[in-house]
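Presented below is the structure to which this report refers.
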Amino acid sequence: MLGIAVEIAYLFSKLLYVVVVYQTDLHIGSIGPDGILMFVGTYTMMTGFYAGLFFPNFVRVSEYIRSGALDLLMVKPVSLQFLVTLRYIDLGMPIPNLIAGGTMVAIGWRALDIPVTAYHLTVFVFYLIMALTITYSLMFIPALLSFWFVNTGGLAGIFYAIWDANNMPMPIYSRLIQRIGVYVLPFLVITNFAPMMVMDRLTPTQATWGVCVSILLLVFVRLLWNKAIRNYSSASG
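Set out below in structure tokens:
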């Protein structure tokens with residue numbers, strides 16, 4: 001319950017940000033308040049997905065390694081990576097974010113007069129799935145490094161801080177930061193590409209990269225996982 005209360009308080013801070021955006025008629029480049037609302041809504045939804053699907057599992061990885069619990073998971077007739085990364089689902093904390101985020105996206109969508117067609121709904125959901133794949137891969141990396149380093153909390157903290165850069169549309173950043181956030185450490189792809197696609201702001205190159213980078217990161221994480229397991233030394237010896 002405490003976690004849900006904290007999440008709701010954090011959600012209210014996002015809503016206050018939205019209120020300020022409308023009161024000041026804030027524009028980021030050519031993106032007006034209604035467009036910003038769609039971006040904030042997508043960020044809020046993705047935060048909910050991450051908090052419910054991935055975070056409860058990733059924080060346990062280092063403990064599995066230190067305690068030797070990973071040894072017990074290895075003998076189960078299920079993919080070890082699946083067990084470690086998707087074993088637990090938190091249905092409480094994500095709900096406020098998913099409801100509020102979905103509502104913000106719907107309001108922004110309607111205000112921008114974006115047609116509610118099968119095409120627009122499909123591409124929006126498709127890029128959300130790509131975003132989930134990127135989120136899984138990027139946020140799993142600090143946990144994976146626990147196989148080699150005792151404490152990776154500092155790196156995880158950096159990744160969380162970068163994640164929060166998604167709470168605004170990426171045109172607010174310089175071109176250099178945008179290129180780094182899209183093509184080097186692609187956190188900006190996570191909450192920008194889905195709304196940009198339905199707003200017809202995504203170039204063909206960006207649209208293609210949004211798909212390719214999710215696949216490349218998933219392959220990279222899988223290879224890193226296999227290497228980590230091969231080098232793993234049981235806590236029990």
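Residues 1 to 237 in our numbering are what the sequence shown spells out, letter by letter.
We put the beta carbon where it would ideally sit given N, CA and C, even for glycine.
Exercise for review: Run the CB neighbour count on A118, radius 10 Å, all protein chains shown included, and call it buried at 16 or more, exposed below.
Suggested key: In the sequence shown, the residue the question calls residue 118 occupies position 118. Exposed, since its Cβ has fewer than 16 Cβ neighbours within 10 Å.
Check your understanding: Touch check for the segment 189-200 and the segment 166-175: three-plus C-beta pairs under 8 Å?
Key -> Cβ pair count under 8 Å is three or more, so yes.
Practice item. Just mark I36 as buried or exposed, buried being the case when its beta carbon has 16 or more other beta carbons within 10 Å. Key: Reading the sequence shown from its first residue, position 36 is the one you call residue 36. Around the beta-carbon of I36, 16 or more other beta-carbon atoms lie within 10 Å, marking it buried.
Check your understanding: Comparing alpha-carbon positions, which option in V116, F55 and F147 lies nearest S233?
Key -> Position 233 of the sequence shown holds residue 233. Ranking V116, F55 and F147 by CA distance to the CA of S233 puts F147 first.
Review point. Taking all protein chains shown into account, do 16 or more other C-beta atoms lie within 10 angstroms of the C-beta of G249, making it buried, or fewer, making it exposed?
Key: Nothing about residue 249 can be read from this structure; the chain reaches only from 1 to 237.
Review point. Beta-carbon separation of L128 and D34 under 8 Å?
Key: Position 128 of the sequence shown holds residue 128. Position 34 of the sequence shown holds residue 34. Annotated as distal: L128 and D34, with beta-carbon spacing of 8 Å or more.
Point to revise | S137 to W163 span [Cα, whole Å] | key: Locating residue 137 in the sequence shown gives position 137, counting from the first residue. Locating residue 163 in the sequence shown gives position 163, counting from the first residue. Rounded to the nearest angstrom, the two C-alpha atoms are 13 Å apart.
Exercise for review: Apply the 10 Å Cβ neighbour rule to L121 and answer buried if 16 or more other Cβ atoms are within range, or exposed otherwise.
Suggested key: On the sequence shown, position 121 is the one that residue 121 refers to. Residue environment for L121: exposed (fewer than 16 other C-beta atoms within 10 angstroms of its C-beta).
Practice item. Give a yes or no on whether the C-beta atoms belonging to V84 and N57 are separated by under 8 Å. Key: Within the sequence shown, residue 84 is the residue found at index 84, counting from 1. Within the sequence shown, residue 57 is the residue found at index 57, counting from 1. Yes, the Cβ-Cβ distance between V84 and N57 is below 8 Å.
Check your understanding: Per DSSP, I162 forms a beta bridge with which residues?
Key -> Along the sequence shown, one-based indexing puts residue 162 at 162. Per DSSP, I162 has no beta-bridge partner at all.
**Study point:** Secondary structure of I180, DSSP reduced to three states
**Key:** Sequence index remark: in the sequence shown, residue 180 carries index 180 (1-based). Annotated three-state conformation of I180 is helix, per DSSP.
Review point. Within 10 angstroms of its Cβ, does L176 collect 16 or more other Cβ (buried), or is it exposed?
Key: Within the sequence shown, residue 176 is the residue found at index 176, counting from 1. Exposed, by the Cβ-count rule.
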